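J.: Chains as they are written, first to last, in this note's numbering: chain A, 0 to 141; chain B, -4 to 517.
Here it is: the structure, laid out below.
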Amino acid sequence: MRDFAERLIVYETRENKSSETKTQAAFLVGEKLRPQLAALMGNVGFRALISRALALSNAEIPWLRAVHVKADGSFEALDELGAQVDPDKIFEGRVVLLAQLLGLLVAFIGENLTLRLVREVWPKLSLNDVDLGTGDKNEKAE
Amino acid sequence: MKKPNNAAKHKLPKKVVSQPAKVTIRKLPTGVRGLDDIMGGGIPEFSFNIIAGSPGCGKTTLSHQIVFANATVKKPALYFTVLGEPAMKMLRYQQQFSFFDESKLGKAIRFINLSDVAMQQDLNAVIDEIIKQVMTISPGIVVVDSFRTVVRTKIGGASELEMQSFIQRLAQFLTSWEATTFLVGEYVQEEIRDNPLFTIADGLIWLSQLAERNSVVRKLQIMKQRGQNSVPGLHTIRISDGGLQAFSRTLGLVGKKMKPARNRRLSIGISELDKMMGGGIFEGDSLLVAGPSGTGKSALATQFIAEGLRHGEPGVMAIFEERQKGYTSRADSFGLNLKTPQKKGKLEILYLRPLDLSVDETMQELLDAVERIGAKRLVIDSLVGFEMALAPGFRTDFRESLYRMIGGLTGAGVTVLSTVEVEDTFTALPFSQYTISFLTDDIIRMRYVEIDGQLRKVMVVIKMRGGNHSKDIREYVITDKGVVVIHPRSTDYNGLTTGIPTRTGPRQAQEEERAPEPKAKK
Chain A
0 MRDFAERLIV YETRENKSSE TKTQAAFLVG EKLRPQLAAL MGNVGFRALI
50 SRALALSNAE IPWLRAVHVK ADGSFEALDE LGAQVDPDKI FEGRVVLLAQ
100 LLGLLVAFIG ENLTLRLVRE VWPKLSLNDV DLGTGDKNEK AE
Chain B
-4 MKKPNNAAKH KLPKKVVSQP AKVTIRKLPT GVRGLDDIMG GGIPEFSFNI
46 IAGSPGCGKT TLSHQIVFAN ATVKKPALYF TVLGEPAMKM LRYQQQFSFF
96 DESKLGKAIR FINLSDVAMQ QDLNAVIDEI IKQVMTISPG IVVVDSFRTV
146 VRTKIGGASE LEMQSFIQRL AQFLTSWEAT TFLVGEYVQE EIRDNPLFTI
196 ADGLIWLSQL AERNSVVRKL QIMKQRGQNS VPGLHTIRIS DGGLQAFSRT
246 LGLVGKKMKP ARNRRLSIGI SELDKMMGGG IFEGDSLLVA GPSGTGKSAL
296 ATQFIAEGLR HGEPGVMAIF EERQKGYTSR ADSFGLNLKT PQKKGKLEIL
346 YLRPLDLSVD ETMQELLDAV ERIGAKRLVI DSLVGFEMAL APGFRTDFRE
396 SLYRMIGGLT GAGVTVLSTV EVEDTFTALP FSQYTISFLT DDIIRMRYVE
446 IDGQLRKVMV VIKMRGGNHS KDIREYVITD KGVVVIHPRS TDYNGLTTGI
496 PTRTGPRQAQ EEERAPEPKA KK
């Protein structure tokens, strides 16, 4: 799942010229998914899901413990932390969070529907070789 | 000779008073097997409908089926979820159904969550959001699930007039935008009178769940439908892997082709019995074979089917008391091969013994089998077993449903043989414990009689509607050929129908200790 999350970020970095760094691209991936998922499940539903993803990520990325989810599903204190934490660690945290979110989606609605949601946000992204069903959503990066 | 007048040859047509053409209301498929028939062909296009009922009745599944059956990229469906079942859960569970086509999600079917608007703002904000989405997407189908929660959330702050105005606005807007709408909600029937929603709606589909003893049965009723006739009454529905399936009270038999002329007689497979019936059973008749256990009703039914197969008439046997293997083995012992016709698709033996069956869905299974193989002969063995397989709540409807099914099948030219077990009382000759003789054209009664220290079997044709028949009471045996009628009628006894006749003629010499009827091979 983490590979897939990274792939989305790499794709966003390449496609979106305004994102100068991969950390910014990682932020954009989350921001692009948020309205898509909120339209489907409402802000309350999205907030619940992202909170769970954040809680699952905390075990692996300790600095994420300082982050909180706002009512609209966006993050509080993430920007402030960005100035204090190493950019690579920030990036890693974003990847893990995204992987957890995608993992939750796969667990709830299955791989096919999750990929369909992703495809709606990034219609040009090739997902033919993606297999989300076999990986553990909590897998750690190699 | 007077020349014909050209003008006369080309007479002007009479002036026709032109009538404005009636609007043709297109009917959308429901995607639910059996429901289109119940609704009189489908859902009227651009109608404003309510799908109501208590929790667990299948409201969301029904609305999903309608959406998946109709949504296209060109004419998409908008599915608004409001505080009811969360969309994630809905997708999680609904994708288990076979009708769920994930390729439609996104472009043809869009889920939009209105929970935040419903919770934080007023009814106008809700309708504004719906209007915004509908104007953007221009959907063919709109579902609001659950509409009840929209209303319930806002009713405290809104007067009844405001509520009515909200519903009116919504209905008018969605119809004007050529959307067929479904508002899904948990309602109770007491609300129908006072809730303005039910007045404004064009259609009202009511789902319910009834428990009786240990069984639960779901029902559907079209309580209101503007513009077309629906089949009245409660119809059974079942939710399985394919989603909802509805079983019309008319079993979809209305409008089927009419009964052929009753001029062909079919052999029952027992030549002497054919003679007793005046030359066989009329094609398209319903024959009831009544008798106590062990008198050979199933054997006779097997011979009836086998005879049809010999003449190229496919058959269906619905068996409720015995397994298929027992049936084919008995047929083998009579020299009747049922396995080959089964393999060739000329015979279907349905073993129907599940619990909680509704009478209509059982009958639908029979009708499907009849249609599948083009059956000309149908055996129901037995009516008692059939009734036992039904959920308790349906047993009271059994006769009525049976009447409809037999009437429909025989009307379509299928010849039906039903067996029924009756207890021999030795004082009377009942035909069945049900008052079902009215639904049969012909009745054959089999029974035991005590004669010369033996319990023998006799049969008599009680009734042949529209034809003459023998009045003889004939003795028969079950041999390795099946049921074989032996001996002409006996004039040496009185009171054979009681089972304990009295001798009036001379006593015949008795053979010693020889089995009078060889047992059929196991």
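The beta carbon of each residue, even a glycine, is placed where N, CA and C say it ideally should be.
Owing to the predicted nature of the structure, the values given are computational and were not obtained by experimental measurement.
If we require 4 or more residues per run, which alpha helix (DSSP H) segments fall completely within the region 58 to 84 of chain A?
T.: Those alpha helix (DSSP H) runs which fall completely within the region 58 to 84 of chain A and span 4+ residues are 77 to 83.
J.: So with Cβ pairs under 8 Å, would you call residue 115(A) a contact of chain B?
T.: Chain B, which has a Cβ nearer than 8 Å to the Cβ of residue 115(A), makes this yes.
J.: Compare the C-alpha of residue 147(A) against each of 102(A), 66(A) and 31(A) and name the closest.
T.: Look at the range of chain A in this structure, 0 to 141, and you will see that residue 147(A) is not part of it.
J.: Which whole-angstrom value is the C-beta distance of residue 297(B) and residue 325(B), which I expect to be below 8 Å?
T.: Correct: roughly 6 Å between the Cβ atoms.
J.: Interface residues of chain B around residue 40(A) at Cβ under 9 Å?
T.: Neighbours of residue 40(A) on chain B, chain order: 76, 81, 82, 83, 106, 108 and 110.
J.: Let me check understanding here. Comparing Cα to Cα, which of 17(B), 226(B), 342(B) and 107(B) lies closest to residue 34(A)?
T.: Selected option, being the one with the closest Cα: 107(B).
J.: Unbroken alpha helix (DSSP H) runs of length 4 or more, entirely within the region 425 to 487 of chain B: which are they?
T.: Counting whole runs of 4 or more residues, the region 425 to 487 of chain B contains no alpha helix (DSSP H) stretch at all.
J.: Mind listing, in chain order, the continuous beta strand (DSSP E) runs of no fewer than 3 residues lying wholly within the region 189 to 267 of chain B?
T.: Listed in chain order, they are 198 to 207, 210 to 220, 229 to 235 and 238 to 242.
J.: Would you call the CB atoms of residue 397(B) and residue 434(B) closer than 8 Å?
T.: Cβ atoms of residue 397(B) and residue 434(B): closer than 8 Å.
J.: Determine the DSSP secondary structure at residue 120(B), reduced to helix, strand or coil.
T.: Residue state, collapsed to three classes: helix.
J.: Leaving out five residues before and five after residue 230(B) in sequence, what residues of the same chain have Cβ atoms less than 8 Å from its Cβ?
T.: Excluding positions up to five away in sequence, the list reads 29, 33, 214, 215, 216, 241, 242, 243, 244 and 355.
J.: In terms of residues, what are the limits of the alpha helix (DSSP H) holding residue 405(B)?
T.: Where residue 405(B) is concerned, the enclosing alpha helix (DSSP H) stretches over 393 to 406.
J.: As a quick exercise: from 275(B), 137(B), 285(B) and 66(B), pick the residue whose alpha carbon is nearest that of residue 176(B).
T.: Out of 275(B), 137(B), 285(B) and 66(B), 137(B) has the C-alpha closest to the C-alpha of residue 176(B).
J.: Taking only the alpha-carbon atoms, compute the straight-line gap between residue 262(B) and residue 111(A) and give it to the nearest angstrom.
T.: So the alpha carbons of these two residues sit roughly 58 Å apart.
J.: Quick check on DSSP: helix, strand or coil for residue 414(B)?
T.: Looking at residue 414(B) - three-state DSSP - the assignment turns out to be strand.
J.: Starting from residue 90(B), find everything on chain A with Cβ-Cβ shorter than 9 Å and list it in chain order.
T.: Neighbours of residue 90(B) on chain A, chain order: 108, 109, 111 and 112.
J.: According to the Cβ coordinates, are residue 360(B) and residue 347(B) closer than 8 Å?
T.: In this structure, residue 347(B) lies closer than 8 Å to residue 360(B) by Cβ.
J.: Taking CB distances under 8 Å as the criterion, tell me whether residue 87(B) reaches chain A.
T.: At least one chain A Cβ lies under 8 Å of residue 87(B).
J.: Is residue 44(A) near residue 120(B), with beta carbons less than 8 Å apart?
T.: Cβ atoms of residue 44(A) and residue 120(B): not closer than 8 Å.
J.: CB-CB under 6 Å to residue 139(A), same chain, minus the five flanking residues each way: which ones, in chain order?
T.: Confidence at residue 139(A) is low in this model, with a pLDDT of 43, below 50, so the placement of that residue is unreliable and no value is reported for it.
J.: What residues are listed by DSSP as bridge partners for residue 343(B)?
T.: DSSP output for residue 343(B) lists 311(B) as bridge partner(s).
J.: By the criterion of Cβ-Cβ separation under 7 Å, what are the contact partners of residue 119(A) in chain B?
T.: Those are 101, listed as they occur along chain B.
J.: Which chain A residues sit within Cβ distance under 9 Å of residue 124(B)?
T.: Neighbours of residue 124(B) on chain A: none; closest Cβ ~11 Å, over 9 Å.
J.: Counting only Cβ pairs nearer than 8 Å, list the residues of chain A close to residue 181(B).
T.: Under the 8 Å cutoff, chain A gives no residues; its nearest Cβ is about 19 Å from residue 181(B).
J.: For my contact list, residue 357(B) and residue 384(B) are in at a C-beta cut-off of 8 Å; report their separation, rounded to the angstrom.
T.: About 7 Å; that satisfies the 8 Å criterion.
J.: Within 10 Å of its beta-carbon, does residue 44(B) have 16 or more other beta-carbons around it, so buried, or fewer, so exposed?
T.: Burial call: buried.
J.: Which residues in the same chain have their Cβ closer than 8 Å to the Cβ of residue 320(B), if we skip the five residues on either side of it in sequence?
T.: There are no such residues.
J.: Determine whether the beta carbon atoms of residue 441(B) and residue 183(B) lie at a separation below 8 Å.
T.: Result no, Cβ atoms of residue 441(B) and residue 183(B) do not sit closer than 8 Å.
J.: Cβ of residue 43(A) less than 8 Å from any chain B Cβ?
T.: Interface residue, yes.
J.: Is it the case that the Cβ atoms of residue 110(B) and residue 78(B) are separated by a distance below 8 Å?
T.: Their beta carbons are under 8 Å apart, which means residue 110(B) touches residue 78(B) by this criterion.
J.: Take residue 291(B) as the anchor and find which of 315(B), 389(B), 376(B) and 330(B) has the nearest alpha-carbon.
T.: Minimum Cα distance to residue 291(B) is reached at 376(B).
J.: Measure from the C-beta of residue 97(B) to each C-beta in chain A and report whether the shortest distance is under 8 Å.
T.: Residue 97(B) counts as touching chain A.
J.: Could you tell me the distance, in whole angstroms, from the CA atom of residue 544(B) to the CA atom of residue 63(B)?
T.: The requested residue 544(B) is not part of the displayed model; chain B covers only -4 to 517.
J.: Count the other CB atoms within 10 Å of the CB of residue 156(B); is the residue buried (16 or more) or exposed (fewer)?
T.: By the neighbour-count rule (16 or more Cβ atoms within 10 Å), residue 156(B) is not buried but exposed.
J.: Residues bridged to residue 22(B) by DSSP?
T.: Answer by DSSP bridge pairing, in chain order: 39(B).
J.: Just tell me which of 70(B), 126(B), 277(B) and 118(B) has its CA closest to the CA of residue 99(B).
T.: When each option's Cα is compared against that of residue 99(B), the closest is 70(B).
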